[in-house]
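*Asks:*
Protein chains in written order, with the working numbering: chain B, 21 to 126; chain E, 21 to 126.
#1: If you run the structure through DSSP and keep just helix, strand and coil, what is residue 74 of chain E?
#2: Residues of chain B with a CB under 9 Å from the CB of residue 40 of chain E: which are they?
#3: Spatial neighbours of residue 40 of chain B within its chain, please: CB distance less than 8 Å, with the 5 preceding and 5 following residues excluded, ordered by chain position.
#4: So which of E/57, E/54, E/23 and E/34 has the shortest CA-CA distance to residue 115 of chain E?
#5: CB residue 81 of chain E to CB residue 58 of chain E, shorter than 8 Å?
#6: Under 8 Å, with one C-beta from each stretch per pair, do the segment 38-55 of chain E and the segment 98-107 of chain B reach the 3-pair mark?
#7: Please name the residue, chosen from B/120, B/117 and B/54, that lies closest to residue 98 of chain B on a Cα-to-Cα basis.
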């Protein structure tokens, strides 16, 4: 989770999830780990990157919109989304975007 | 920088910048603050979100590709990019993406 994802040549998709948390863990940490484990098993999953300070940012990469839709509708993930709205997050925003170009070095 | 950006209705663009740092500050912190200050003055700038743990993620939002190109070519920013490659970053990746859909709550 802590390294730069080795994504393929564009185009592919990025889901940018930014959030602020409520106080206390309340099971959030173990849920977050489980969701990553589960996402990695989904068709079309290409990688995920995450960091949190005041604001948390998780970017997950996907091969196509259908894979994102399937992941959003995953039963265990739906349960986590419900708990997120009810307790874990003070605010969040999800942005679904199409990566058109990338470059970098390592 | 620490709050969720109030972006307009899609479509708009997101530049996802992920990086790992080298040891020590070496002027990085003040450069990062200056670059945000400068980005905010650019035409087409819509907001920026940032967090760093092992991995640093900064997502900046822009109205169009031309604004992103102008920002990439900004003289002071070019100098920072050069120093980034030479010393501040161990690795980085820039992904230019088009936000097609967003939702959330606050």
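Note that the Cβ used here is the ideal one computed from N, Cα and C, for glycine as well. Note that the coordinates shown come from a computational prediction; the quantities given were computed from them, not determined experimentally.
*Replies:* By the coordinates alone:
#1: Coil, per DSSP.
#2: What residue 40 of chain E touches in chain B: 22, 23, 24 and 126.
#3: 74, 75, 76, 109, 110, 111 and 112
#4: E/34
#5: No, these two residues do not count as a Cβ contact at 8 Å.
#6: no
#7: B/54
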